[in-house]
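In this note's numbering, the protein residues as written are 6 to 324.
Backbone N, C-alpha and C define an ideal beta-carbon position, used for all residues, glycine too.
Small disclaimer: the values here were computed from a predicted structure and weren't measured.
Worksheet: the structure to be examined is printed underneath.
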């Protein structure tokens with residue numbers, strides 16, 4: 006039986022426009038070009054009602070029409086992220102397919118959880134410690150001689166990643182973060198790949214791109230500078246392309262849930278390929294420009310397929 010009404014998806018405009026605001030309109034255009042009806046939403050206008058009758062979502066004081074799918078793209082402040090998570094959870098309970106489900110969000114925004122998953126899967130991951138008290142932090146650093154890395158559990162663009170040149174410095178910074186109610190992980194420093202990292206972009210369990218980020222200004226991070234001090238390179242013809250993709254897929258599968266889309270960051274010290282982290286809302290424009298792929302359209306098509314599969318068969322158009 007053919008569906009007589011268009012497939013409708015909600016797109017939440019990023020409430021923190023300093024992050025990725027132009028991507029909102031790339032995605033909206035791509036969704037519309039793929040035949041989807043898009044309802045633009047703003048977080049400040051959303052309210053949720055839970056009652057015996059079920060869950061209702063209101064947009065600008067009006068009951069939100071039934072959605073088939075939902076997405077948003079781009080990092081948010083912690084407070085807005087918490088609001089967004091409640092919205093996603095509500096939509097999930099209502100049977101709406103979301104680009105990132107609540108469990109995927111939990112995993113993709115927590116570097117400690119990811120390190121545990123990578124380790125359980127037997128992947129090469131820098132020795133990682135999670136310590137939440139001064140004594141356990143000191144113990145962690147007794148096993149991290151020399152340089153180390155401190156990472157916020159969740160950050161944007163590497164801002165929460167700091168190089169420690171001595172264990173005492175690591176203890177000092179970790180304890181100060183703890184005093185400010187900020188949890189961190191402590192990691193062994195992998196030498197030989199300063200200012201370089203590899204990102205594999207995965208959509209629907211398929212690597213669609215693999216590029217390297219290179220910082221030429223001397224920072225140990227690969228993406229902290231701009232313009233002439235920062236370059237990207239397409240690794241499609243690299244001799245280790247298949248291996249990078251294999252490791253990235255193994256990292257994503259270690260989550261043991263379906264995650265439609267992620268960017269997996271790796272470093273290669275020529276002895277091992279180390280998994281650093283998986284990213285929610287990975288950058289699409291730099292990767293698209295580097296590979297000449299329409300990454301937004303590729304993700305949009307995969308999202309549409311998932312939305313269709315989530316609609317009861319009687320409502321879906323036969324193919």
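- Contact check for residue 224 against residue 235 fails: the beta carbons are separated by 7 Å or more.
- Taken atom to atom, the span from the alpha-carbon of residue 135 to that of residue 30 is near 39 Å.
- Under the DSSP assignment, residue 136 falls outside any beta strand (DSSP E); it carries neither an H nor an E label.
- The segment 141-170 contains, as complete beta strand (DSSP E) runs of 3+ residues, the segments 153-157 and 166-169 (chain order).
- C-alpha of residue 270 to C-alpha of residue 198: approximately 13 Å in a straight line.
- Taking C-alpha positions only, residue 36 is separated from residue 51 by approximately 22 Å.
- Bounds of any alpha helix (DSSP H) do not take in residue 270; it lies within the beta strand (DSSP E) bounded by 266-273.
- If you look at residue 295, you'll find it in the alpha helix (DSSP H) that goes 290-296.
- Sequence-distant Cβ neighbours of residue 159 in its own chain, meaning closer than 6 Å and more than five residues away, are 114.
- Taking the CA atoms as reference points, residue 170 sits about 20 Å from residue 140.
- Excluding five sequence positions before and after residue 312, the CB atoms of its chain that fall closer than 7 Å to its own CB belong to 12, 14, 73, 74 and 102, given in chain order.
- Each residue's CA atom was taken as its position, placing residue 268 and residue 190 some 20 Å apart.
- Within the same chain, Cβ atoms closer than 7 Å to the Cβ of residue 61 are found at 54 and 68, the five residues on either side in sequence being excluded.
- Where residue 220 is concerned, the enclosing beta strand (DSSP E) starts and stops at 211-220.
- Excluding five sequence positions before and after residue 305, the CB atoms of its chain that fall closer than 6 Å to its own CB belong to 35, 36 and 39, given in chain order.
- Each residue's CA atom was taken as its position, placing residue 299 and residue 186 some 41 Å apart.
- Taking a contact to require three or more Cβ pairs closer than 8 Å, the segment 121-129 and the segment 145-160 do not qualify as touching.
- Per DSSP, residue 119 lies in no beta strand (DSSP E) segment; the continuous alpha helix (DSSP H) that holds it begins and ends at 116-125.
- Look at residue 104 here: in three-state DSSP terms it is coil, with no helix or strand label.
- Assignment of beta-bridge partners to residue 237 by DSSP yields 218.
- Counting only the Cα atoms, residue 155 lies some 6 Å from residue 192.
- For a cut-off of 8 Å, the C-beta gap from residue 77 to residue 17 is around 4 Å, short enough to register as a contact.
- Counting only the Cα atoms, residue 315 lies some 51 Å from residue 174.
- In this structure, residue 266 lies away from residue 272, with their beta-carbon atoms at least 7 Å apart.
- Closest by C-alpha distance to residue 249, out of 264, 263, 233 and 274, is 274.
- Pairing residue 239 with residue 216 gives a Cβ-Cβ distance under 7 Å.
- Considering only 290, 208 and 286, the residue with the shortest C-alpha distance to residue 263 is 208.
- Just measuring C-alpha positions, the residue of 245, 292 and 206 sitting nearest residue 254 is 206.
- Residue 61 carries a strand assignment under DSSP once its states are collapsed to helix, strand and coil.
- Going by C-alpha positions, residue 152 is about 6 Å away from residue 194.
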